[in-house]
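Notes follow the structure.
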């Protein structure tokens, strides 16, 4: 493949990425997301008919939906309803990480060179000390914006693939664990069991969020001492 062909392919891919982002954003926000959860028992029964392939089907579907902008917490909650907490967390966590990584590598391949040429200040910003390493990924995962846009911004940045996985794995924990626990609690027939799940979910969210904030605070102190 010649350089000009490669450049053309990346421009087409970049345009496709923009179309997908706009189209999927509109589609996701116009979808009746509550209806998806209302159909959770039907989804659970259907996956049960697939046997051992059920977890793989769910994980791949979660990856694809995350890559195009489906809210991750909806998938985590659905996983809790379908598989219970332990396995629901495993499959939803891995599936959503896989989908986020897919968006990350596609953006890096298609868009980073274009942004570097047209908007060098964005890339220069990503080269700063505060925008490198897995802690920067962890910080971005705590921002109140769509995960799809986070994945695209990280793809344009200088963070490594390894840092993306570490930071995202940790950054997805607080809300992922909480949402899966809520989904698992929703299928409890006993109201006391439901209350236990919700209580554990609240505690887990508090402890995990506090731990991540402590990690970020340690990083900031380290940067301050080096500057």
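In this note's numbering, the protein residues as written are -3 to 223. Using N, Cα and C, we set each Cβ at its ideal position, and we do this for glycine too.
Practice problem: Answer with buried or exposed for residue 202, where buried requires no fewer than 16 other C-beta atoms within 10 angstroms of its C-beta. | Solution: Counted from its first residue, the chain shown places residue 202 at position 206. Exposed, since its Cβ has fewer than 16 Cβ neighbours within 10 Å.
Quiz item: Just to confirm, are residue 133 and residue 152 a CB contact at a threshold of 8 Å?
Solution: In the chain shown, counting from the first residue as 1, residue 133 sits at position 137. In the chain shown, counting from the first residue as 1, residue 152 sits at position 156. It is not a contact, given that the beta carbons lie outside the stated cut-off.
Quiz item: Mind checking whether residue 69 and residue 58 have CB atoms under 8 Å apart?
Solution: Numbered from 1 along the chain shown, position 73 holds the residue referred to as residue 69. Numbered from 1 along the chain shown, position 62 holds the residue referred to as residue 58. Not in contact: residue 69 and residue 58 (Cβ atoms no closer than 8 Å).
Exercise. Tell me whether residue 65 sits in a helix, a strand or coil according to DSSP, three-state version.
Key: Taking the first residue of the chain shown as position 1, residue 65 is located at position 69. For residue 65, the secondary structure class from DSSP, reduced to helix, strand or coil, is coil.
Self-check item: residue 86 versus 103, 182, 56, residue with shortest Cα-Cα distance
Solution: Position 90 of the chain shown, counted from the first residue, corresponds to residue 86. When each option's Cα is compared against that of residue 86, the closest is 56.
Quiz item: Buried or exposed: where does residue 164 fall if 16 or more other Cβ atoms within 10 Å of its Cβ makes it buried?
Solution: Residue numbering aside, residue 164 sits at position 168 when the chain shown is read from its first letter. Answer is buried; the Cβ neighbour count reaches 16.
Quiz item: Exposed or buried, what is residue 48 when buried is set at 16 or more other beta-carbons lying within 10 Å of its beta-carbon?
Solution: Here residue 48 refers to the residue found at position 52 when the chain shown is read from its first residue. Exposed, because fewer than 16 other Cβ atoms sit within 10 Å of the Cβ of residue 48.
Exercise. Going by CA-CA distance only, name the one from 82, 148, 89, 207 that's closest to residue 106.
Key: Walking along the chain shown from the start, residue 106 turns up at place 110. Nearest of 82, 148, 89, 207 to residue 106, Cα basis: 148.
Quiz item: In terms of alpha-carbon separation, which member of 213, 156, 93, 159 lies closest to residue 169?
Solution: If you number the chain shown from 1, residue 169 lands on position 173. The shortest Cα separation from residue 169 among 213, 156, 93, 159 belongs to 93.
Exercise. Measure the alpha-carbon distance for residue 198 versus residue 102 and round it to whole angstroms.
Key: For the purposes of this step, residue 198 is taken as residue 202 along the chain shown, with counting starting at 1. For the purposes of this step, residue 102 is taken as residue 106 along the chain shown, with counting starting at 1. Answer to the nearest angstrom: the Cα atoms are 35 Å apart.
Quiz item: From 196, 157, 162, pick the residue whose C-alpha is nearest to that of residue 99; which is it?
Solution: Taking the chain shown and counting its residues from 1, the one referred to as residue 99 is at position 103. Of 196, 157, 162, the residue nearest in Cα terms is 157.
Practice problem: Specify the secondary structure class of residue 155 as computed by DSSP and reduced to three states. | Solution: The residue labelled residue 155 in the question sits at position 159 within the chain shown. Residue 155: coil per DSSP, three-state reduction.
Exercise. Reducing DSSP to helix, strand and coil, say where residue 201 ends up.
Key: Stepping through the chain shown from its first residue, residue 201 is reached at position 205. Helix at residue 201.
Exercise. Kindly list the residues whose CB is nearer than 7 Å to the CB of residue 63, restricted to its own chain and excluding five residues on each side of it in sequence; keep chain order.
Key: Within the chain shown, numbered from 1, the residue matching residue 63 stands at position 67. Only 95, 98, 99 meet the Cβ criterion.
Quiz item: Helix or strand or just coil, what does DSSP make of residue 168?
Solution: Within the chain shown, the letter at position 172 stands for residue 168. DSSP places residue 168 outside both helix and strand once states are collapsed to three, so it counts as coil.
Quiz item: Applying the criterion that 16 or more other CB atoms from any shown protein chain within 10 Å of the CB defines a buried residue, is residue 146 buried or exposed?
Solution: Along the chain shown, one-based indexing puts residue 146 at 150. Looking at its Cβ environment, which holds 16 or more other Cβ atoms inside 10 Å, residue 146 is buried.
Quiz item: Taking C-alpha atoms, which residue in 76, 159, 89, 166 lies nearest to residue 39?
Solution: Within the chain shown, numbered from 1, the residue matching residue 39 stands at position 43. It is 76 whose Cα lies nearest to the Cα of residue 39.
Self-check item: When 42, 155, 162, 45 are compared against residue 89, the one with the closest alpha-carbon
Solution: Residue numbering aside, residue 89 sits at position 93 when the chain shown is read from its first letter. Ranking the options by Cα distance to residue 89, first place goes to 162.
Practice problem: State the DSSP-derived secondary structure class of residue 141, mapped to helix, strand or coil. | Solution: Translated into the one-based positions of the chain shown, residue 141 becomes position 145. Residue 141 falls in the coil class under three-state DSSP.
Quiz item: Using DSSP with H/G/I as helix, E/B as strand and the rest coil, what is residue 37?
Solution: Locating residue 37 in the chain shown gives position 41, counting from the first residue. If DSSP states are grouped into helix, strand and coil, residue 37 belongs with the helices.
Quiz item: Would a C-beta distance cut-off of 8 Å place residue 142 and residue 65 closer than the cut-off?
Solution: In the chain shown, the residue the question calls residue 142 occupies position 146. In the chain shown, the residue the question calls residue 65 occupies position 69. For residue 142 and residue 65, yes; Cβs fall inside 8 Å.
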